[in-house]
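Just so you know, the sequences run in chain order A and B. To convert, count from 1 in the first sequence and add 16; that's the working numbering. To convert, count from 1 in the second sequence and add 16; that's the working numbering. Idealized CB from N, CA, C, for every residue including glycine.
Number of protein chains: 2
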Amino acid sequence: MDRLIEAIEDKQNPSVVGLDPTEALVPKQVVASFAEEIAEQVEDPTEAPAAQLSVAFFEFNRAIIDAVADIVPAVKPQIAMYEALGPAGIDAYSMTCEYAKQQGLYVLGDVKRGDIGSTAAAYAHHLSGVNAGEHAFDPWHEDAVTVNPYLGTDGITPFVEAATGADKDIFVLVRTSNPSSSELQELELASGERVYEHVADLVEGWGAETIGANGYSRVGAVVGATHPEEGKALRARMPHTFFLVPGYGAQGGTAQGVAGMFDKDGMGALVNSSRGIIGAWKKSGKYSESMSADDALDLVAESAREAAKDMRDNLRAVLP
Amino acid sequence: MDRLIEAIEDKQNPSVVGLDPTEALVPKQVVASFAEEIAEQVEDPTEAPAAQLSVAFFEFNRAIIDAVADIVPAVKPQIAMYEALGPAGIDAYSMTCEYAKQQGLYVLGDVKRGDIGSTAAAYAHHLSGVNAGEHAFDPWHEDAVTVNPYLGTDGITPFVEAATGADKDIFVLVRTSNPSSSELQELELASGERVYEHVADLVEGWGAETIGANGYSRVGAVVGATHPEEGKALRARMPHTFFLVPGYGAQGGTAQGVAGMFDKDGMGALVNSSRGIIGAWKKSGKYSESMSADDALDLVAESAREAAKDMRDNLRAVLP
């Protein structure tokens with residue numbers, strides 16, 4: 017986790033921008049500007065809308081990355097948004113990760129993968145790439161991925177090994193930000209613990225052999241900003257586990273609420289905002305449908321930069 | 017689930033072939049046969065091995081699909097094996113699904129996705145495709161996908177809605193086949209139930225509004241063949257839930273062991289074998305490195321067909 021921690025210290029900003037584009041979040045003229053180019057490229061016209069939106073997602077992301085790269089340490093593309101468009105979307109996801117990495121950002125792939133051992137080993141190529149040595153090829157360009165714990169240790173170990181080999185990290189779901197997360201994660205066990213507390217202890221254990229110079233392991237935890245009290249308790253329970261904290265902003269999490277998820281030095285957590293930053297242009301009051309695509313992208317970028325600065329300043333205000 | 021059930025009845029075979037290729041499972045000469053074609057196509061030579069293996073995976077799958085399409089009702093490509101190769105692998109996954117569908121097979125995408133509501137809605141496009149109506153485009157070509165329950169109801173509902181709209185299905189992880197599955201899934205709750213039993217009840221509930229002509233809902237459950245007693249108890253506990261049963265063969269599950277996961281009519285479960293079928297050529301004693309790529313693919317196909325027949329016959333023998 018040291019690379020991430022250094023990036024956070026460098027920018028003095030423990031926040032990450034979620035690159036989760038949807039059709040509604042990309043200005044229409046940006047999407048429309050690729051119509052001709054795509055129509056010439058695709059063989060089957062039914063493929064055109066997905067291909068067009070995929071290219072628009074990448075350009076939208078690129079504008080945002082350029083606008084925030086000197087402010088934030090990391091971006092977190094949510095692969096589901098790209099997967100929704102099929103293989104063309106996956107290309108846009110990989111291109112987004114690559115571009116963000118080229119701009120010096122830590123790229124956290126929000127993929128929430130998880131499977132039995134042999135299959136988890138295949139997914140772990142997200143971190144280790146395709147080959148070693150001279151023919152090494154890293155198609156995903158991620159510095160970390162999120163992982164689901166439901167399968168237990170043998171579904172996690174391959175990711176930990178890949179992360180260790182490639183100087184990368186993983187973040188395991190512990191307490192997610194959504195309302196229904198309570199249905200499983202909050203169940204009370206016969207031991208008196210909650211399910212998510214038991215998972216928290218597993219996560220702390222999974223990372224134990226990989227603790228870095230800053231005291232945090234390569235196995236982080238996803239802890240939703242919507243659970244401030246539980247997050248604070250988990251901070252104490254998981255002293256070597258770095259937190260990825262989604263749910264800030266649009267989902268209801270606040271700077272005050274996440275303050276308890278940081279350690280005494282103001283480190284130990286990375287707070288994500290997606291819609292609050294990439295959709296800030298919609299609340300700017302400056303958008304008009306008659307704008308050019310370039311002007312619309314400029315507005316997207318400028319609004320995202322302002323929102324990212326606000327978030328940074330709000331977090332700084334509650335940290336030591 | 018009615019389309020799957022009809023396909024099983026049609027073939028009189030409740031088994032599914034797992035299309036989980038790895039480099040070790042594809043004869044070397046098949047991979048080598050694409051070297052020249054790929055070298056001409058890729059711009060960056062480091063991309064060549066992944067691109068070459070992706071094409072080989074598809075050709076390998078096509079040979080197997082052709083060999084088993086009249087015997088089995090369904091195939092289950094495991095997307096992790098393709099994702100391991102990056103976007104090129106994802107293309108091979110989508111092409112595999114499309115080809116299997118064209119051959120009349122029910123395509124069960126083993127993707128184990130799961131996320132919060134708005135993100136799950138994006139993943140649900142695996143089932144609903146990209147657009148409706150005239151511009152409808154289905155990039156994934158799946159009839160069903162596997163889903164992870166850790167996020168609770170709001171992570172499942174979008175998949176159920178998409179499945180209902182597209183006459184498709186989902187299978188939610190309940191009790192997986194791997195050794196470490198016990199770490200979370202077997203935990204005893206304060207209520208006296210095990211975690212997986214609680215998940216089982218949620219799954220039965222998630223499907224309640226979607227019960228089809230054959231008495232099974234669109235929300236199936238993944239129950240490992242390696243847990244015969246638990247599987248039998250779950251069969252009684254989940255009367256409207258169809259089971260996908262992985263772990264047969266290479267992982268240790270037997271026909272005798274899975275018999276209890278079927279209902280009294282010998283329906284209600286679909287048993288998966290991957291390596292036991294697609295890797296049968298390695299145990300045939302007929303392979304030689306000097307074979308041509310075509311001959312090697314013929315051996316793969318013929319061995320897979322024999323193994324699929326054996327599995328069908330073994331399952332028929334224990335069912336009413």
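8 Å Cβ cut-off: residues of chain A touching residue i
i: B:Y139; result: A96, E99 and A100
i: B:W3; result: Only positions 17 to 336 of chain B appear in this structure, which leaves residue 3 of chain B out of reach.
i: B:K325; result: Result: empty, since nearest Cβ-Cβ is about 25 Å, beyond 8 Å.
Nearest candidate by alpha-carbon position, reference residue i, set the options
i: A:A90; options: A:S110, A:A116 and A:A241; result: A:A116
i: B:Q118; options: B:D82, B:E150 and B:A140; result: B:D82
i: B:L143; options: B:P336, B:K184 and B:K298; result: B:K184
i: A:A323; options: A:D18, A:V33 and A:K27; result: A:V33
i: A:G282; options: A:V127, A:Y264, A:N230 and A:H243; result: A:N230
i: B:S197; options: A:H141, A:E199, A:F175 and A:L167; result: A:L167
i: B:R251; options: B:G284, B:G268 and B:V235; result: B:G284
i: A:G292; options: A:H243, A:G268, A:S70 and A:P336; result: A:G268
i: A:F175; options: A:A137, A:V190, A:E199 and A:T192; result: A:A137
i: B:A79; options: B:A104, B:A67, B:G102 and B:T112; result: B:T112
i: A:V316; options: A:G295, A:L35, A:L286 and A:S290; result: A:G295
i: B:T238; options: B:G228, B:G125, B:G120 and B:S304; result: Note that residue 238 of chain B corresponds to Val in the displayed sequence, not to Thr. Checked all of B:G228, B:G125, B:G120 and B:S304; the closest Cα to B:V238 is B:G125.
i: A:P244; options: A:P30, A:S134 and A:A275; result: A:A275
i: A:P165; options: B:A179, B:R321, B:A160 and B:T192; result: B:T192
i: A:H141; options: B:A100, B:R19 and B:S290; result: B:A100
i: B:G221; options: B:P195, B:G208, B:R253 and B:E199; result: B:R253
i: B:N194; options: A:S31, A:T173 and A:I21; result: A:T173
i: A:A67; options: A:L313, A:I95, A:K44 and A:P103; result: A:P103
i: B:R328; options: B:V287, B:S306 and B:M307; result: B:V287
i: B:M97; options: B:V123, B:G208, B:L35 and B:I24; result: B:L35
i: A:K325; options: A:I87, A:S289 and A:P30; result: A:I87
i: B:Q45; options: B:E75, B:N29 and B:M307; result: B:M307
i: A:H256; options: A:G265, A:T270 and A:D279; result: A:D279
i: B:V219; options: B:Y139, B:G133 and B:F187; result: B:F187
Residue environment, residue i, which counts as buried when at least 16 other CB atoms sit within 10 Å
i: B:Q272; result: exposed
i: B:D131; result: buried
i: B:A224; result: exposed
i: B:Q57; result: exposed
i: B:G247; result: buried
i: A:P61; result: exposed
i: B:K92; result: buried
i: A:G181; result: exposed
i: B:D217; result: exposed
i: B:S300; result: exposed
i: B:D107; result: buried
i: A:A241; result: buried
i: B:A178; result: buried
i: A:A320; result: buried
Interface partners of residue i on chain B, CB under 8 Å
i: A:I106; result: P103 and I106
i: A:S110; result: G102 and P103
Contacts of residue i in chain B (Cβ-Cβ under 9 Å)
i: A:D281; result: Within chain B, no residue comes near A:D281; the closest Cβ sits about 30 Å away, beyond 9 Å.
i: A:H151; result: P61, T62, A64 and P65
i: A:T192; result: D131, I132, Y166, L167, G168 and G171
i: A:V316; result: The premise fails here: A:V316 is roughly 20 Å from chain B at the closest Cβ pair, so nothing lies under 9 Å.
i: A:V47; result: Going along chain B, no residue has its Cβ under 9 Å from A:V47, so there is no contact; the nearest lies around 13 Å.
Amino acids of chain A, ordered along the chain, whose beta-carbon sits closer than 9 Å to that of residue i
i: B:N147; result: T62, P65 and A66
i: B:H214; result: E199, L200 and L203
i: B:V33; result: The contacting residues do not exist; B:V33 stays about 16 Å from chain A at best.
i: B:V123; result: Going along chain A, no residue has its Cβ under 9 Å from B:V123, so there is no contact; the nearest lies around 14 Å.
Chain B contact residues for residue i, given Cβ-Cβ distances below 7 Å
i: A:E199; result: G168, T169 and L218
i: A:T135; result: Q94 and A96
i: A:A206; result: E204, L205 and A206
Chain A contact residues for residue i, given Cβ-Cβ distances below 7 Å
i: B:S196; result: L167, G168, T169, D170 and G171
i: B:D131; result: A96 and K128
i: B:L189; result: Y166
i: B:A160; result: Those within 7 Å of B:A160 in chain A number zero; the least Cβ separation is about 16 Å.
Any chain E beta carbon closer than 9 Å to residue i
i: A:D36; result: Absent from the structure is chain E; the protein chains it does hold are A and B.
Check: residue i C-beta below 8 Å from any heavy atom of the ligand ZN
i: A:S193; result: With respect to small molecules bound, the structure shown includes none, and the ligand ZN cannot be examined in it.
| field | Touching by the beta-carbon criterion (3+ pairs, under 8 Å), the region 258-267 of chain B and the region 202-216 of chain B | value | no
| Should the region 141-160 of chain B be called in touch with the region 194-207 of chain B, which here means at least 3 C-beta pairs below 8 Å? | no
| field | Ordered list of beta strand (DSSP E) runs contained in the region 71-143 of chain A, each at least 3 residues | value | 90-93 and 122-129
| request: Tell me the start and end of each unbroken beta strand (DSSP E) in the region 231-297 of chain B that is at least 3 residues and wholly inside, in chain order. | output: 235-239, 259-261 and 285-289
| query | Using 8 Å as the Cβ pair cut-off and three pairs as the minimum, do the region 32-50 of chain B and the region 329-336 of chain A touch? | reply | no
| query | In chain order, which beta strand (DSSP E) runs of at least 3 residues are fully inside the region 133-192 of chain B? | reply | 160-163 and 185-191
| said: Restricting to runs no shorter than 3 residues, where is the beta strand (DSSP E) found entirely within the region 21-67 of chain B? | reply: 31-35
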